[in-house]
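Here's the structure we're looking at; comments come further down.
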Amino acid sequence: MKSSKYNTQTKQQIIRSALNQLTHSQEAKHYLKRYQNHDEMNFAVVKVGGGTLADELEILAESLALLSHLGLNPIVIHGAGVQLDKGLAHAGIKTSKKNGMRVTDEACMKVIRPVMYDVNHQLVRALEQQGVRAYGVVHGVFECRYLDQQTYGLVGDVEKIHLSPIKQAIQTGSIPVLSCLGETASGQVLNINADVATRELVWKIHPHKIIFVTPTGGILDNKSDIISAIQLNNDFDYMIQQPWLHSGMKLKLQQIKDMLAPLDCGHSVSITSSKNLARELFTYKGAGTFINMGEKINESLELDQSNLSLLHAIFEDAFGRTFKTDFLSNLKIKKIYLAESGRAAAIISSGFRNHAYLHKFAVTKAGQGEGLAASLWQQIIKDFPQLYWRSRTNNDINDWYFKQADVSVKSTAGDWVGFSCGLFPAESLECIQQAFKVDSGWQSIQEQTTVSIQQNVKEAHHV
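When you line the sequence shown up against my numbering, it's residues 10 to 472, in that order.
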């Protein structure tokens, strides 16, 4: 243990340096307070693959050490796929996989056990070199039966989870580092698929955060960009059919869906990289792929009193402004989209030459970072593949809009950017030029001030 050389001042410098790298320190403070209010056992489960341990061990240890210095000790569970492939090949043992499971006979197990011990020890040692306590837990957590001995050999199906070794580690201020080895009731050691072991552990303890650390840092789209968020109830059927989602990520996405399905709606999974672990935990936008079950997005063709007040609340919260009287009621609406929780909404109106115009699109502050924008967008584009819209040049979401658009044009005055998708170039330019002339619907600052004064006068008279 080398933690003795790390004094309190050094730890504070590490924390300050790391938090300064985050986008907004206020966001970091918000999340830190939230996490510290949770029971230590329920903070986070972090699953790390063998590839990450082989290539990014030091970076991973630094990120995990930051959490420990903040008083947050995650439960780390690791695989060792890369290391096992190398060890088995070196021993001249040929192995195969069935349904994602490594077929394991006695000869394989003689290699698997020492390799797994070694990988576990390497991660524990790397954490200790960062000045934190770490406790390797190789056995005693997963009690198993044979998954299918005839088909898979010495592969376990988890029946019980014993938390005592994990609790003991956390109570001593250590990060528990778990391997994916289990035992039968009679003591036979069995190999467990790392994602399956993670799922069973998550179901047992219901952690606040579930994190998969991978070399890719997230799920990649057809342009090899990281998909920022996925809402499985809305996105899963579409994504699983896409040719660009490779087989490994398809399997992982299915396993994550199975993992989240029985949990309450507040649970989520983040897939991120070693270096971006802190950003994924401590910022709204994160730095990986955020996955949850999501919520239903309701559609309607017209305004009524119930959705009108909710739309006012969502858009005025998101934009920090007030609508002109009866503005929404007078729009020629094609369709309204409203998230079930009331945290996101969009309005498509009849625009230039009856083309679909995205008049308003917003996610409230409370709903940001959960994939609502992506799910909302996917539903809109499915209904309106030809669409145009505009945005203020200083809008934080513009980088995202540029990725969704086929065409983008800045206004002559430089205060707006117009976007379109699915339209012919000439049509796009015509529509966007018209978009620059559309009434935003917001009261001016002077109007808002007048309304506020009138309201205060009424309240004063009422008192």
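No residue lacks a Cβ here, since even glycine has one placed at the ideal position from N, Cα and C. Model, not experiment: these values are computed from the prediction.
With a Cβ-Cβ cutoff of 7 Å, do I249 and I236 count as a contact?
No.
Quick one, which of V186, S233, F151, G182 has its alpha-carbon nearest I201's?
Checking every option, the nearest Cα to that of I201 belongs to F151.
Measuring alpha carbon to alpha carbon, tell me which of Y126, R111, S318 ends up nearest T334.
Nearest option by C-alpha distance: S318.
Where does the unbroken alpha helix (DSSP H) through P174 begin, and where does it stop?
Per DSSP, P174 belongs to the alpha helix (DSSP H) from 173 to 180.
The region 412 to 420 / the region 270 to 280 touching (three or more Cβ pairs under 8 Å):
The region 412 to 420, when compared against the region 270 to 280, does not touch it at the 8 Å Cβ threshold.
Assuming the contact rule is C-beta atoms closer than 8 Å, V147 and Y126 should be a hit. Round their C-beta distance to whole Å, please.
The C-beta separation of V147 from Y126 comes to about 6 Å, placing the pair in contact by the 8 Å criterion.
Paired residues, beta bridge with V146 - DSSP
Looking at the DSSP assignment, V146 forms a beta bridge with L187.
Exposure label - S453; buried when at least 16 CB within 10 Å
Exposed: under 16 other Cβ atoms inside 10 Å.
Which residues bound the beta strand (DSSP E) around G221?
In the sequence on display, residue 221 carries Phe and not Gly. 218 to 222 is the span of the beta strand (DSSP E), which, as asked, contains F221.
Could you spell out where the alpha helix (DSSP H) holding I214 opens and where it closes?
Where I214 is concerned, the enclosing alpha helix (DSSP H) starts and stops at 203 to 214.
Is it the case that the Cβ atoms of F370 and A383 are separated by a distance below 7 Å?
Pairing F370 with A383 gives a Cβ-Cβ distance that is not under 7 Å.
What is the residue span of the beta strand (DSSP E) that A238 lies within?
Its beta strand (DSSP E) spans residues 238 to 240.
Quick check: the region 46 to 65 against the region 74 to 88, are at least 3 beta-carbon pairs closer than 8 Å?
Because the criterion of three Cβ pairs below 8 Å is met, the region 74 to 88 and the region 46 to 65 touch.
I need the DSSP call for D405, collapsed to helix, strand or coil.
The answer is coil: DSSP assigns D405 none of H, G, I, E or B.
Contiguous beta strand (DSSP E) assignments of at least 3 residues, all confined to the region 82 to 118:
Entirely contained in the region 82 to 118, the beta strand (DSSP E) runs reaching 3 residues are, in chain order, 84 to 87.
Quick test of your reading: S72 and L286, contact by CB under 8 Å. State the CB separation rounded to the nearest angstrom.
That pair is a contact at about 4 Å.
Give the DSSP bridge partners of C153, in chain order.
Paired residue(s): V167.
Do I389 and A348 have their C-beta atoms within less than 7 Å of each other?
Contact flag unset, no.
Comparing alpha-carbon positions, which option in Q377, G329, F361, K343 lies nearest R352?
With distances taken between Cα atoms, R352 lies closest to Q377.
Is W386 helix, strand or coil by DSSP?
Three-state DSSP puts W386 in a helix.
Given a cut-off of 7 Å on the beta-carbon distance, is the pair A435 and F393 in contact?
It is not a contact, given that the beta carbons lie outside the stated cut-off.
If the criterion is Cβ atoms closer than 7 Å, does the pair L97 and V133 meet it?
No, Cβ-Cβ distance for L97 and V133 is not below 7 Å.
Looking at T223: is its Cβ nearer than 7 Å to the Cβ of I175?
Result no, Cβ atoms of T223 and I175 do not sit closer than 7 Å.
Identify which residue in D244, V186, N231, E168 has its Cα closest to the Cα of H255.
Looking at the Cα atoms, N231 is the closest of the given residues.
Hey, out of R111, R142, K341, whose CA is closest to T181's CA?
Checking every option, the nearest Cα to that of T181 belongs to R142.
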